[in-house]
Amino acid sequence: MSDLDSRLAKCFSAVFPALDPGEIREASHETVPGWDSLAALRLVAVVEEEFGAQIDLAELTDMVSFASIRDYLQRKVEAR
Amino acid sequence: MKLIEALEILKKPVPEDARALRIALACGFTPLHLETFLAAHLRSLFPDRAIDIRTGLFGDLQGNLERLDPAGLDALAVVLEWPDLDLRLGVRNLGGWRIADLPDILDTAAGRTARLERSLKSLSGTLPVAISLPTLPLPPLFFTRSGQASTHELRLRSALGASAVSLSSEPGVRILNAQLLDRVSPPSDRYDLRSDIATGFPYRNSHASRVAGLMAGMILDPVPKKGLITDLDDTLWSGILGEVGVEALAWSLDRQAHLNGLYQQFLASLASAGVLIGVASKNDPGLVEQAFARRDLLLCKGDVFPFEVHWDRKSGSVRRILETWNIGPDAAVFVDDSPMEVAEVQAAFPGLCGIVFPKNDPAAFWSMLEDLRDLFGKKSVSAEDSLRLQSIRGASELRALEAGSSGSLDDFLRTAEARVRFIFGTRRVDPRALELINKTNQFNLNGVKFGDAAWRGLLEDPEAFLLVVDYEDKFGPLGKIAVIAGRRTGPALSVEAWAMSCRAFSRRIEHQCLKYLFAKTAADEIALDFRETPRNGPFRSFLLQWAEAPLSGGVRIPKEVFAARVPALFHAVEEDVLE
Numbered sequence: 001m002s003d004l005d006s007r008l009a010k011c012f013s014a015v016f017p018a019l020d021p022g023e024i025r026e027a028s029h030e031t032v033p034g035w036d037s038l039a040a041l042r043l044v045a046v047v048e049e050e051f052g053a054q055i056d057l058a059e060l061t062d063m064v065s066f067a068s069i070r071d072y073l074q075r076k077v078e079a080r
Numbered sequence: 081m082k083l084i085e086a087l088e089i090l091k092k093p094v095p096e097d098a099r100a101l102r103i104a105l106a107c108g109f110t111p112l113h114l115e116t117f118l119a120a121h122l123r124s125l126f127p128d129r130a131i132d133i134r135t136g137l138f139g140d141l142q143g144n145l146e147r148l149d150p151a152g153l154d155a156l157a158v159v160l161e162w163p164d165l166d167l168r169l170g171v172r173n174l175g176g177w178r179i180a181d182l183p184d185i186l187d188t189a190a191g192r193t194a195r196l197e198r199s200l201k202s203l204s205g206t207l208p209v210a211i212s213l214p215t216l217p218l219p220p221l222f223f224t225r226s227g228q229a230s231t232h233e234l235r236l237r238s239a240l241g242a243s244a245v246s247l248s249s250e251p252g253v254r255i256l257n258a259q260l261l262d263r264v265s266p267p268s269d270r271y272d273l274r275s276d277i278a279t280g281f282p283y284r285n286s287h288a289s290r291v292a293g294l295m296a297g298m299i300l301d302p303v304p305k306k307g308l309i310t311d312l313d314d315t316l317w318s319g320i321l322g323e324v325g326v327e328a329l330a331w332s333l334d335r336q337a338h339l340n341g342l343y344q345q346f347l348a349s350l351a352s353a354g355v356l357i358g359v360a361s362k363n364d365p366g367l368v369e370q371a372f373a374r375r376d377l378l379l380c381k382g383d384v385f386p387f388e389v390h391w392d393r394k395s396g397s398v399r400r401i402l403e404t405w406n407i408g409p410d411a412a413v414f415v416d417d418s419p420m421e422v423a424e425v426q427a428a429f430p431g432l433c434g435i436v437f438p439k440n441d442p443a444a445f446w447s448m449l450e451d452l453r454d455l456f457g458k459k460s461v462s463a464e465d466s467l468r469l470q471s472i473r474g475a476s477e478l479r480a481l482e483a484g485s486s487g488s489l490d491d492f493l494r495t496a497e498a499r500v501r502f503i504f505g506t507r508r509v510d511p512r513a514l515e516l517i518n519k520t521n522q523f524n525l526n527g528v529k530f531g532d533a534a535w536r537g538l539l540e541d542p543e544a545f546l547l548v549v550d551y552e553d554k555f556g557p558l559g560k561i562a563v564i565a566g567r568r569t570g571p572a573l574s575v576e577a578w579a580m581s582c583r584a585f586s587r588r589i590e591h592q593c594l595k596y597l598f599a600k601t602a603a604d605e606i607a608l609d610f611r612e613t614p615r616n617g618p619f620r621s622f623l624l625q626w627a628e629a630p631l632s633g634g635v636r637i638p639k640e641v642f643a644a645r646v647p648a649l650f651h652a653v654e655e656d657v658l659e
């Protein structure tokens, strides 16, 4: 698991404590109970803290899974 | 605290038998991360409690307060921001910032402030209320340049300030200290416009955590320390008394000893608020006597008791002072300029807070004063606080007289001119009653601490009774020193809480209490829910006068047993019944 993946997994684990660590990489708003709008805001805030990045609010609606958030962060890292 | 740290704290399992700590969080914005941080800070402060935060509707602070049912709650945390006074003082509503709008904004804010004040005062009568006044900057809606405060802004702040002053005088209200918040959360690092617009949560995470942390610390009062033991040379004053003599001791600006003067002033302030001040000094007692006779000393000799002045170890002095005060080391602070002396005392009393007086470091000195204020801070100063030193002196004289008396205790008590006043009833309950129950360890029936909600719950029972005891004798008044609470259960009285200040020992006040309860309630028997604690030995000894050990499971005292064994009582008794 890359450094980015493991740090993102830590964020998911904090926001969704019931989520099995083995399921984090496949997590999405459709599969994780409790992934509501409030949890989404909490997840974004934790990710921003962890990565010191400000997430573009226009992209919030696309951040609906571990994979989509990882891809977004990867793009941010590459753009730096 | 970062948000992820807060979430990690909240993930930790709560003990199965954890008591709930139920807090209502009222704010006009969406509580979002503030709620998370508040829960996490409370969990850190109270790891054995199950934290339960309840929030209301977004955007309706006043409505949330008016709908709030205090039953079952332990406290209310209110986090105000400017839009709670008028939505136009925020950015999420476009109600207009024209000059013509400003008077109406002020009028609306004044009206809402008054309404909030009424609601908060009403709620504070039934549960503790912690309030954070607006912490965020006002938007640039006034017509002056940003460097100049506008009349409108000043009027707005003045009206809110006046309301806060009025609220702060309510016994149940605590208002967050803006000066402290400014220090820990710089004003320029608080507001998150992006988040405010996008989610309705206006705080940066760092600010949310700091507000939550300070609010959590205010919600339930920590027990303040009771006594401070201070060194003298290069601490209370500058100079070594035995070397420079009385007149060369200094504590003023012109003699480069101003920190010592400030320290004296601070100790005098603590003493006036009921904090016990004692002296432990390796010195010549005669010289110290002369030094305390100097009229320019800011801490009067009368503020200090006892003095331990000799050349023996400081730990011995501290032990004798704690015995005189009848408090544990965890309730005291020791201040000395010598790190070695502080270490020697702390080795003997690991629970005691030791502070090295920072004689050449103004910044560290300032921190020390702030730390001391935190250790001794209390919501208000009661009549009992101002009597404490006087009554400890009286108790000390009493013990000395007892020890030196050739007569019996009866002879001694007969001449003590003691007066006991019983205040009976569950109406208009004095906050001192709950304070005594929760802060008294030695003469305490079972060590059970009551939250406000549990205390209210007990007293609202139609069968409940409450007895508060006020005492004085020729050695001085002790004030309200005992409280007994419980319920009537048929022909018996069931006592669930009984605490008496250690200052009132050896006066047979506890016997007079039982006598009064038997007479007042016509009970055949008094059942005491006794549970042994590490520190309630004095209560256990009292019970052994009426019952055989073991005492676990409670003790029942039949009226005839009491009548047969009660010793002679010499108090004049008065009674106030609160019906």
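Those protein sequences? They're chains A and B, same order as listed. According to this note's numbering, the first sequence is numbered sequentially starting from 1. According to this note's numbering, the second sequence is numbered sequentially starting from 81. In this text, a Cβ means the ideal position worked out from N, Cα and C, and glycines have one as well.
Assignment of V324 of chain B by DSSP, reduced to helix, strand and coil, places it in the helix class. Contact with chain A is found for I84 of chain B, since one of that chain's Cβ atoms lies less than 9 Å from the residue's Cβ. Contact annotation: N524 of chain B and R615 of chain B have beta-carbon atoms nearer than 9 Å.
Scanning its chain for C-beta atoms nearer than 6 Å, with the 5 sequence neighbours on each side dropped, one finds around D164 of chain B the residues G108 and L141, in chain order. Along the length of the region 183-262 of chain B, whole alpha helix (DSSP H) runs at least 4 residues long occupy 231-248, reported in chain order. Taking each of B:A194, B:L182, B:F456 and B:Y283 in turn and checking the Cα distance to L234 of chain B, the smallest one comes out for B:L182. The Cβ atoms of E161 of chain B and G175 of chain B lie no closer than 9 Å to each other. For R274 of chain B, at least one C-beta of chain A is nearer than 9 Å to its own C-beta. For A278 of chain B, the neighbours in chain A by C-beta distance under 7 Å run, in chain order, L57. By the criterion of a C-beta distance shorter than 8 Å, Y72 of chain A is surrounded in its chain by I55, E59, D62 and M63, once the five residues flanking it on both sides are discounted.
Ranked by Cα distance from L112 of chain B, the options A:V46, A:G22, A:S28 and A:R75 are led by A:V46. Closest by C-alpha distance to R567 of chain B, out of B:S460, B:G358 and B:D541, is B:D541. Here G307 of chain B is bridged, per DSSP, to B:L356 and B:A412.
Leaving aside the five residues that flank L221 of chain B on each side, the residues in its chain whose CB is nearer than 6 Å to its CB run, in chain order, W177. Using a 10 angstroms sphere on the CB of M420 of chain B, the tally of other CB atoms stays under 16, which defines it as exposed. Collapsing the DSSP output to three states places C433 of chain B in a strand. Excluding residues up to 5 positions away in sequence, L256, L260 and L261 lie with their Cβ nearer than 7 Å to the Cβ of L294 of chain B in the same chain.
Note: W578 of chain B is bridge-paired with B:I564 in the DSSP secondary-structure output. One finds A14, V15, P17, R42 and V46 in chain A with Cβ atoms closer than 8 Å to the Cβ of L87 of chain B, taken in chain order.
At a Cβ-Cβ threshold of 9 Å, A513 of chain B and V548 of chain B count as neighbours. Within chain B, the residues placing a beta-carbon under 7 Å from that of E50 of chain A are I84, ordered along the chain. In the structure shown, C380 of chain B adopts coil according to DSSP, grouped into three states. The alpha carbon of A348 of chain B has as its nearest neighbour, out of B:R335, B:G325, B:L145 and B:G382, the alpha carbon of B:G382.
Here S6 of chain A carries a helix assignment [DSSP, helix/strand/coil]. Ranked by Cα distance from V563 of chain B, the first of B:S352, B:W405, B:D553 and B:L546 is B:L546.
In the structure shown, A627 of chain B adopts coil according to DSSP, grouped into three states. DSSP places S332 of chain B in the coil class of the three-state scheme, outside both helix and strand. Of all alpha-carbon atoms in A:L57, A:R80 and A:S65, the one lying nearest the alpha-carbon of D276 of chain B is that of A:L57. According to the DSSP secondary-structure assignment, R102 of chain B is paired through a beta bridge with B:D132.
Per DSSP, the beta-bridge partners of L546 of chain B are B:A565. According to the DSSP assignment, I89 of chain B belongs to the alpha helix (DSSP H) that extends over L83 to K91.
Cβ-Cβ separation between L493 of chain B and R645 of chain B: approximately 17 Å, too far for a contact (criterion under 8 Å).
V44 of chain A: member of the alpha helix (DSSP H) spanning S37 to F51, first to last residue. For Q592 of chain B, the closest C-alpha among the options B:P93, B:R507, B:G633 and B:F642 is that of B:F642.
Listed as beta-bridge partners of Y283 of chain B by DSSP are B:Y271. Contacts with chain A at 9 Å (Cβ-Cβ) do not include N340 of chain B.
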